[in-house]
Amino acid sequence: MAQWSINIAVVAEPYFVWPKKDWVADLNGSVAIIPSAAAGTPTLEGVRRGQGCVAARFGEFVVVGVYFSPNRSLAELHNSLAELRAVVVGSYPLPVLVLGDFNAKNLAWGSRRTDVRGRMVEDWALETGLVVLNRGSVPTCVRMRGESVVERVVR
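Mind the numbering: the sequence shown is residues 7 to 161 in my numbering, read in order.
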């Protein structure tokens with residue numbers, strides 16, 4: 007994290023979640039929020055965990071980490087988005103940053119096409135008062151198997 011000069015990261019689909027007090031994960035270990043160990047970095051407070059999402063206060067804002075498997079049905083995605091909406095709305099009036107992988111494609115965040123999941127996530131973001139931060143089609147996830155544009159939204 008120091009090499010990128012960042013204070014916090016959200017890791018979707020980690021190989022495992024370190025059993026460290028500063029790593030916080032969702033209920034099934036599919037996404038984690040990790041603060042920097044650098045001096046002066048805020049600690050994570052008020053952690054809330056769900057299936058595929060974890061949220062915590064980080065200084066003056068709330069960070070929400072998300073990972074929704076592409077193998078989940080549309081009905082499961084709908085229910086997960088409803089749960090996530092409650093977490094986001096429950097965090098107001100603090101600014102909220104939602105980071106992770108919805109496994110949804112949408113032109114709004116730089117995908118080459120929009121799929122059903124992408125429409126659902128875009129509608130959810132608009133209804134929840136969130137704004138997509140992605141700019142263009144620059145990959146936000148790069149790994150050995152390839153790269154993709156992962157959704158980032160904020161309120």
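Heads up, the beta-carbon is just placed ideally off N, CA and C, and yes, glycines get one too.
These figures come from a predicted structure and were not determined experimentally.
- In the three-state DSSP reduction, Val122 falls in the helix class (H, G or I).
- The Cβ atoms of Phe108 and Val72 lie closer than 9 Å to each other.
- By the neighbour-count criterion, in which a residue is buried when 16 or more other Cβ atoms sit within 10 angstroms of its Cβ, Gly52 is exposed.
- Spatial neighbours of Phe67 in its own chain (CB-CB distance under 8 Å, excluding positions within 5 residues in sequence) are listed in chain order as Leu100, Pro101, Val102, Leu103.
- Along the length of the stretch 52 to 106, whole alpha helix (DSSP H) runs at least 4 residues long occupy 80 to 97, reported in chain order.
- A Cβ-Cβ contact shorter than 9 Å links Ala18 with Gly106.
- Just so you know, the alpha carbons of Leu33 and Phe74 end up roughly 13 Å apart.
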